[in-house]
Amino acid sequence: MKACHPKFLVIICLLVKCNAENIAEANDINAGCYSGNGVKGDELSTAEDNMALIHKRITTYSGIDNFCEGYRDWDDPKSYAETIVKLCENEDITVQPVTSSEITKLISQLKKRKSGDVNGLTLEHLIYGGIALIDFLTTLIKNICYTKHVPDTIKKELLTPVHKKDKDPTIPSNYRGITCKVLEICVRARIEGTLNKQHNRLQKGFTKGASSINIGLLITEAINEAKDNNEKLILITLDAEKAFDVIDHILFWKLYHQGITGPTWLLIKELYRNTSTQVKSEECISQAFTNEQGVKHGVQFYKAYNKNIPDTLEATNIGFKIGTNYLGCPTCADDIMLCATSEQDASIQLRIIESCTKNDRVKINSKKTEILLINKKNTESNLELFNEKISEKTNHKASEY
């Protein structure tokens, strides 16, 4: 085997530390103790009747309306997640193991000249680390997948803010965070196929075979259809600003009902437990803080999280249609556009948005919500979202939609 270059020994030392920490807790985990939430297996349940009731709800509720109803009725929402933990622990399946060829291919796709992590390691260290580093990474990730335990060292992130174009630089929310984790990419590769099958057909973007260009085509066709038929068309742009701290319970519930079960579900939940982030700005690095909100794994998880919005809208069949084809809510990641032919239909769509986002603890940025009227009939729009009147956009470019 080719020896690892001496300058990469620091990586090996760090990974050895992670691996030792991982193996030290493996016996407890394999004995039935789930460390993902710090609760022992025999402490998960209360009375047998309560457990039976929760189990029934988990295994029978599949729709978002049923979920939200049960979620609101139960005094302790954590009971749901804890019961799913027990169900997943009893499933006799394993996470698909990683291979050295998979890690090699993944590393070859990483982009150079990116910011390093909290330990000063960059992607170049992985790219030029050699076979010894790849073999060790493979062993480490195999152990993590087997034990469903992620060492705290790996959960530390260094976030490099990237300013959003044409946004106020003095507002923190106008910056995107950039992080990269090999482990998370490996997990994502094992759930993409399952989640892609569950995505609503109007959800596009950031997914292989579902380009955001397709959304632009749908909106363009909707506008052309309205113009050809001299029909009024109301377009409402929505932007999900952020998700709140209870997101984990709802996200894990939704992943379970979208086919992510067993050890894979447990591993994902563990990836969310006790993660911390430090922010790098120029040459300064902030103190670490615990992550309590947001969706990891990028757009893939967020599309799974908010799919109930297009699902619910399409189920009502309220909104714009070309023939029998429903085009009422084309969606790209967290950007949603409502399409309706009447103010009444648009108002109903907005009430559905209010209900879904309230149940999911997602905030819609009202300042970014706008209306565009096609074939305007000289009438002023009076549509509201969360009791605030939506402003009408008078000028637009085709590239914006």
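Numbering (mature numbering (1 follows the signal peptide of the UniProt record, and there is no 0)) for the sequence shown: -20 to -1, 1 to 381. For every residue, glycine included, the Cβ atom is placed at its ideal position computed from N, Cα and C.
Three Cβ pairs or more, each shorter than 8 Å: is that satisfied between the stretch 71 to 79 and the stretch 117 to 126? yes
Assign H143 to one of three DSSP states: helix, strand, or coil. Within the sequence shown, numbered from 1, the residue matching residue 143 stands at position 163. Of the three classes helix, strand and coil, the one that applies to H143 here is strand, per DSSP.
Give the list of continuous beta strand (DSSP E) stretches no shorter than 3 residues that lie fully inside the stretch 311 to 342. 315 to 320
Neighbourhood of K91 by C-beta distance below 8 Å, restricted to the same chain and skipping five residues each side: The count along the sequence shown starts at 1 and reaches residue 91 at position 111. Within the same chain, K91 has close Cβ partners L103.
Along the chain, where does the beta strand (DSSP E) that runs through L352 open and close? For the purposes of this step, residue 352 is taken as the residue at position 372 of the sequence shown. 350 to 354 is the extent of the beta strand (DSSP E) around L352.
The beta strand (DSSP E) enclosing K260, as first and last residue numbers: On the sequence shown, position 280 is the one that residue 260 refers to. K260 -> beta strand (DSSP E) spans 256 to 261.
Comparing C-alpha positions only, which one of C68, L251, E263 sits nearest to T140? Sequence index remark: in the sequence shown, residue 140 carries index 160 (1-based). Of C68, L251, E263, the residue nearest in Cα terms is E263.
Since D148 sits in a beta bridge, which residues does DSSP pair it with? The residue given as residue 148 occupies position 168 in the sequence shown. D148 pairs with nothing; no bridge assigned.
Segments of 4+ residues assigned as alpha helix (DSSP H) that fall wholly inside the stretch 275 to 306: 278 to 286, 288 to 296
With DSSP as the reference, label L365 as helix, strand or coil. The residue you call residue 365 lines up with position 385 of the sequence shown. Strand at L365.
Quick one: what does DSSP say I165 is sitting in, helix, strand or coil? Locating residue 165 in the sequence shown gives position 185, where the first residue counts as 1. Helix.
Is there contact between the stretch 308 to 328 and the stretch 233 to 253, where contact requires at least three CB pairs shorter than 8 Å? no
Taking the continuous alpha helix (DSSP H) assigned at C125, which residues delimit it? Within the sequence shown, residue 125 is the residue found at index 145, counting from 1. That run of the alpha helix (DSSP H) goes 110 to 127.
Identify which residue in N288, D325, N271, I240 has its Cα closest to the Cα of R168. Numbered from 1 along the sequence shown, position 188 holds the residue referred to as residue 168. Comparing Cα-Cα distances from R168 to each of N288, D325, N271, I240, the minimum goes to I240.
Secondary structure at E89, three-state DSSP: helix, strand or coil? Indexing the sequence shown from 1 puts residue 89 at position 109. Correcting the residue type first, residue 89 is Gln in the shown sequence and not Glu. Note: Q89 maps to coil in three-state DSSP.
Tell me the residue span of the alpha helix (DSSP H) that contains T244. Along the sequence shown, one-based indexing puts residue 244 at 264. 242 to 252 is the span of the alpha helix (DSSP H), which, as asked, contains T244.
Run the CB neighbour count on V342, radius 10 Å, all protein chains shown included, and call it buried at 16 or more, exposed below. What you label residue 342 is simply residue 362 of the sequence shown in a count that begins at 1. V342 should be labelled buried.
Identify the residues that DSSP records as bridge partners of C309: which are they? Along the sequence shown, one-based indexing puts residue 309 at 329. Paired residue(s): none; C309 is not in a bridge.
Opening and closing residue of the alpha helix (DSSP H) in which I205 lies: Within the sequence shown, the letter at position 225 stands for residue 205. Note that residue 205 is Glu in the sequence shown here, rather than Ile. It spans 192 to 208 - the alpha helix (DSSP H) in which E205 sits, taken as one unbroken run.
Could one say the Cβ of I333 lies closer than 8 Å to chain D's Cβ atoms, at least one of them? Absence of chain D from the displayed structure is noted, only one protein chain being present.
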